[in-house]
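Residue numbers (our numbering), protein chains in the order written: chain A, 6 to 387; chain B, 4 to 626.
Next comes the structure, spelled out in structure tokens:
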């Protein structure tokens, strides 16, 4: 049990770890989540129910988990990266099987007190597994195409399963997030070019396999005003809400679009619309700036870590955070088709909140244990 | 563990992280740029779209203008309409609520089905009218039972009310829901439940009575539910219409017709102001407002006494002997005959192989024009008509306004027919027969006139030959209407005097056809002319078998009874025309009504009393 922890450093005490927690990051996360509470309070027409109150409770629960994860030694995560990935993959297969044997298209496993969504956990599990893999091979090995087969399989297995659910948003996030880790690990750019060309040429085939509602979303994105009361409604109303907010916004609780329910389900994926409507461009830019600070923290943590595993985990999660923000905001502002991706920490929803705080916990863990040097072979599994 | 290798890996990672961060910053810049585009560049456009989203214009129906008689009596007004409305989403069980309501106010299964259909069609927050026109007691009951009637709300609206119902139905007309083909650019017509004038003055002056819509700008949510009112602009009430009618005389005229079917008109011989325009039988225009049942509508439609037809202006009748003044004037004015032109009446004359009878079987003996008018000798006017010719008669009729609409301010007025040689050629493609001239001379044959045309004709005789036309409206809003110029018809005063003397003898000479129906009060005496118009030709066989008494015939075959006249003879003021459909004879059925009317007109003397002046509008806005 102890042999692989061949570190020059003493194990840190719990008290020391708590002191080393990156409280700036924790504050930033809490600040962004608090903006979310305020927006949800406004979405409900100035009420804690039904959303804001629950969201606060979830955040507190997630917060505790985040700190807990942060305190766990980075070597533990490295050692358990593959088993976590494997269990999550089994979970994904399980929901797929359950769905096909007539329990409906559900994406979660009901644990009674909590609904576990394997696809959410997979976002982190895949980062851990890929980080572990690239940690274990040299730059020279990364240059060998054959060495990329295993990580590609690691990526494609969950992506295919998630696509089957069907959950285009998560699949996109998994692929782009993994791509970033490949890129950071030093995979040559021309290989990405090959992949991009391959994906582009596969698009017509993918189109064939897409569900009607997915096709409609893409078509609607091309011309939202074509179908203003149908699928284009959300995009159009969202743009109206943003645009009518102007520079300074209509004021807190004064957003006519969101308050009057022109935007259905504004509290989930379209919450940024309400920020834009009630606080205008200033509000939008401030929130975006907070996210940029969060990314900066993530990058700083990643580059400040002494082991490749920690670096890739921190940077991978940061990239995923960025992708959440980018995809969500672009979608809300009509830059890309509607994909079901929430605005991190702000949108209403338990699973996403939990995943994101777990991710923050991992980043904090990397930060706390940045001085650890991990051997390339973490255990006998590799 | 090669340290170089580790360093190389870190360098690569750092470089690539920088590239990635650069890419991310670029994307962040794009997001900010998009925000700038939406929220600054295009902001005003989206602002407008957002307002359209949330602001809904709702029309407020204006109060319809009142209709008054010349003395300010309300002929059409707006009355509070106590009703109960249901907001479906405010009750869990719509049917139970309706059943509970049925225990409080009259509400049958048929109505219930109608309401349920209506509810199914609309969204659950749209109020649906359940019952209307409740009495105060019923309305109070709905209020008291409020707690049991969840979703039901008592409400007070405005509805049109016609206090004189049948007596004025044809003149005032009625309002009813807008038909699809009546929708024009007035947004009010789109309003559910809005009523527009469908007949009579309500229709003719609809645009002025209607007023202009007010508006209420309300903030609504995506489902159209009203959140609050942002701005309210009251509409303008419709114009008040003041009529020339004297309701007292109108009611008297309607009642004087009794159970008979027909028309009675009283008008001012100088100004043309119509004081009474009665059509019997009437109908209750209030029913049209609330909606007639199919059975009620069919009953009105199929009634042989045609209650829906406004007989004074749309009823076409052969004028019969009331037409003889036209024949007389055509003869006198063309100088073909003189007043002392003698004709021997044996009771029958012949032309070719046709026989032409006088109504008086034994004949009048030798009569001149005055005697012929007095006794209504048919043979005399056969003779005059034959000498004068149909075209001269038609020309004289034209001067007195027969054969064309009088232009009164009511819809559906009819022109009637005054035949001429040219008319027959054009409409039938046949040449005129002299026998037809004879029949036309006594107001039969092709000739048809409306009672109002006859009133106009007798007014023009009585006022000394001036082209007066009937009119019904004194003012609408602040616009006052006056009698236009009444140019002379160019009739020689002496000839007019002859005809008037003839009419005077009809009522005031003991041998006159209407002597028994004269007005004996000194100074109020009337002059007139009886008319008995055949509804269908009397066959030779019938005549041989002896003319049956009118009372023995079925109602529909009896003659129409007519009387036209004016009073006082010495200084004519009031003209009257009465027709009693299938009344048998002019002297028997129409003359007494006309006599009573002229006597009542002079007793009430509305023309000497001060009429109200227009006040502008109905005044107050919707309550």
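Note that beta-carbon positions come from the ideal geometry of N, C-alpha and C, so glycine has one too.
| If you draw a straight line from the alpha carbon of residue 186 of chain B to that of residue 208 of chain B, how long is it in whole angstroms? | Counting from one through the second chain, the residue named residue 186 of chain B turns up at place 183. Counting from one through the second chain, the residue named residue 208 of chain B turns up at place 205. In a straight line, the C-alpha of residue 186 of chain B is about 16 Å away from that of residue 208 of chain B.
| As assigned by DSSP and simplified to three states, the class of residue 34 of chain A | Stepping through the first chain from its first residue, residue 34 of chain A is reached at position 29. Of the three classes helix, strand and coil, the one that applies to residue 34 of chain A here is helix, per DSSP.
| If the cut is a Cβ gap below 8 Å, which residues of chain A does residue 23 of chain B touch? | Here the question's residue 23 of chain B lines up with position 20 in the second chain. Here the neighbours are 185, 188, 189, 320, 324.
| said: What are the residues in the stretch 85-115 of chain B lying within 7 Å of chain A by C-beta distance? | reply: none
| Does any residue of chain A bring its CB to less than 7 Å from the CB of residue 61 of chain B? | Walking along the second chain from the start, residue 61 of chain B turns up at place 58. Residue 61 of chain B does not count as touching chain A.
| said: For residue 553 of chain B, which residues in the same chain have their Cβ closer than 7 Å to its Cβ, ignoring the five residues on either side in sequence? | reply: Within the second chain, numbered from 1, the residue matching residue 553 of chain B stands at position 550. Cβ within range, chain order: 561, 562, 587, 588.
| How far does the alpha helix (DSSP H) with residue 595 of chain B in it reach, from first residue to last? | In the second chain, residue 595 of chain B corresponds to position 592, counting from 1. Taken as a continuous stretch (DSSP letters only), the alpha helix (DSSP H) holding residue 595 of chain B covers 594-607.
| Min CB distance residue 231 of chain B to chain A below 7 Å | On the second chain, residue 231 of chain B is found 228 positions in, with the first residue counted as 1. Residue 231 of chain B does not count as touching chain A.
| request: Please go through the stretch 300-348 of chain A and give each complete alpha helix (DSSP H) segment of 4 or more residues, from N-terminal end onward. | output: 313-337
| request: Could you name the residues of the same chain whose beta carbon sits closer than 7 Å to that of residue 349 of chain B, not counting the 5 residues immediately before and after it, in chain order? | output: Against the second chain, residue 349 of chain B aligns to sequence position 346. Short of 7 Å from the beta carbon of residue 349 of chain B, and not among the five residues preceding or following it, lie these beta carbons of its own chain, in chain order: 366.
| task | Counting only runs of 3+ residues fully inside the stretch 128-174 of chain B, write out the beta strand (DSSP E) ranges in chain order. | result | 131-137, 155-164
| Beta carbon proximity, residue 278 of chain B to chain A, threshold 7 Å | Along the second chain, one-based indexing puts residue 278 of chain B at 275. It does not; no Cβ of chain A falls within 7 Å.
| task | Enumerate in chain order the residues of its own chain whose CB-to-CB distance from residue 72 of chain A is below 6 Å, with the five nearest sequence positions on each side excluded. | result | Here residue 72 of chain A is taken as the residue at index 67 of the first chain, counted from 1. Once the five neighbours on either side are set aside, residue 72 of chain A has no close Cβ partner at all.
| Taking C-beta to C-beta, are residue 132 of chain B and residue 61 of chain B nearer than 7 Å? | On the second chain, position 129 is the one that residue 132 of chain B refers to. On the second chain, position 58 is the one that residue 61 of chain B refers to. No, Cβ-Cβ distance for residue 132 of chain B and residue 61 of chain B is not below 7 Å.
| said: Going by the DSSP bridge assignment, what does residue 83 of chain B pair with across the sheet? | reply: To locate residue 83 of chain B, count along the second chain from 1; it is residue 80. DSSP output for residue 83 of chain B lists B/161 as bridge partner(s).
| said: Check whether the stretch 354-368 of chain B and the stretch 415-427 of chain B touch, using three or more Cβ-Cβ pairs below 8 Å as the test. | reply: no
| request: Tell me, please, which residues DSSP counts as bridged to residue 1 of chain B. | output: Chain B is shown from 4 up to 626; residue 1 of chain B falls before or after that span and cannot be answered.
| Cβ of residue 299 of chain A within 7 Å of Cβ of residue 33 of chain A? | As a first step, residue 299 of chain A is located in the first chain; it is residue number 294 there, counting from the start. As a first step, residue 33 of chain A is located in the first chain; it is residue number 28 there, counting from the start. Yes, the Cβ-Cβ distance between residue 299 of chain A and residue 33 of chain A is below 7 Å.
| Which chain B residues sit within Cβ distance under 8 Å of residue 252 of chain A? | Within the first chain, numbered from 1, the residue matching residue 252 of chain A stands at position 247. Result: 42, 43, 46.
| request: Classify residue 78 of chain B as helix, strand or coil using the three-state DSSP reduction. | output: Here the question's residue 78 of chain B lines up with position 75 in the second chain. If DSSP states are grouped into helix, strand and coil, residue 78 of chain B belongs with the strands.
| task | In the DSSP assignment, find the alpha helix (DSSP H) that holds residue 576 of chain B and state where it starts and stops. | result | Within the second chain, the letter at position 573 stands for residue 576 of chain B. For residue 576 of chain B, there is no enclosing alpha helix (DSSP H), as DSSP marks it with neither H nor E.
| query | DSSP beta-bridge partners for residue 534 of chain B? | reply | Start at 1 with the first residue of the second chain, and residue 534 of chain B comes out as number 531. B/565, per the DSSP bridge assignment.
| Cβ neighbour criterion (16 or more within 10 Å) applied to residue 62 of chain A | In the first chain, residue 62 of chain A corresponds to position 57, counting from 1. With a threshold of 16 other beta carbon atoms within 10 Å, residue 62 of chain A falls short and is exposed.
| said: For a test of the three-state rule: what should DSSP assign to residue 391 of chain B, helix, strand or coil? | reply: Indexing the second chain from 1 puts residue 391 of chain B at position 388. In the three-state scheme derived from DSSP, where H, G and I count as helix and E and B as strand, residue 391 of chain B is classed as helix.
| field | Beta-carbon gap between residue 249 of chain A and residue 337 of chain A smaller than 7 Å | value | Indexing the first chain from 1 puts residue 249 of chain A at position 244. Indexing the first chain from 1 puts residue 337 of chain A at position 332. No, the Cβ-Cβ distance between residue 249 of chain A and residue 337 of chain A is not below 7 Å.
| Among residues of its own chain, excluding the 5 on either side of residue 254 of chain A, which ones have a beta-carbon nearer than 6 Å to its beta-carbon? | Walking along the first chain from the start, residue 254 of chain A turns up at place 249. In chain order, 283, 284, 285, 288 place their CB closer than 6 Å to the CB of residue 254 of chain A, counting only its own chain and leaving out the 5 sequence neighbours on each side.
| query | For residue 324 of chain A, which option in A/41, A/19, A/178, A/22 has the closest C-alpha, if you only look at C-alpha atoms? | reply | Translated into positions along the first chain, residue 324 of chain A becomes position 319. Residue A/178 holds the alpha-carbon nearest to the alpha-carbon of residue 324 of chain A among A/41, A/19, A/178, A/22.
| Contact belief for residue 476 of chain B with residue 244 of chain B at Cβ below 8 Å, rounded distance in angstroms | Indexing the second chain from 1 puts residue 476 of chain B at position 473. Indexing the second chain from 1 puts residue 244 of chain B at position 241. Correct: roughly 6 Å between the Cβ atoms.
| query | At a cut of 8 Å, does the stretch 84-95 of chain A reach the stretch 129-139 of chain A through at least three beta carbon pairs? | reply | yes
| Are the beta-carbon atoms belonging to residue 333 of chain A and residue 346 of chain A less than 7 Å from one another? | Locating residue 333 of chain A in the first chain gives position 328, counting from the first residue. Locating residue 346 of chain A in the first chain gives position 341, counting from the first residue. Closer than 7 Å, so yes.
| Hey, how far is the Cα of residue 162 of chain B from the Cα of residue 143 of chain B? | Mapped onto the second chain, residue 162 of chain B falls at position 159. Mapped onto the second chain, residue 143 of chain B falls at position 140. Linking residue 162 of chain B to residue 143 of chain B through their CA atoms gives a straight-line distance of about 19 Å.
| query | residue 50 of chain B touches chain A at which residues, Cβ-Cβ below 8 Å? | reply | Translated into the one-based positions of the second chain, residue 50 of chain B becomes position 47. Within chain A, the residues near residue 50 of chain B are 248, 249, 251.
| Of all the CB atoms in chain A, is at least one closer than 7 Å to the CB of residue 11 of chain B? | For this step, residue 11 of chain B is matched to residue 8 along the second chain. Yes, because at least one Cβ of chain A sits closer than 7 Å to the Cβ of residue 11 of chain B.
| residue 244 of chain A - DSSP class collapsed to helix/strand/coil | Translated into positions along the first chain, residue 244 of chain A becomes position 239. Here residue 244 of chain A sits in helix by DSSP.
| Cβ neighbours of residue 45 of chain A in the same chain (closer than 8 Å, five flanking residues each side left out) | One-based indexing of the first chain puts residue 45 of chain A at position 40. Around residue 45 of chain A: 56, 57, 60, 272, 276, 353.
| query | What residues of chain B sit near residue 335 of chain A, judged by a beta carbon separation below 9 Å? | reply | Mapped onto the first chain, residue 335 of chain A falls at position 330. Result: 30, 33, 34, 37.
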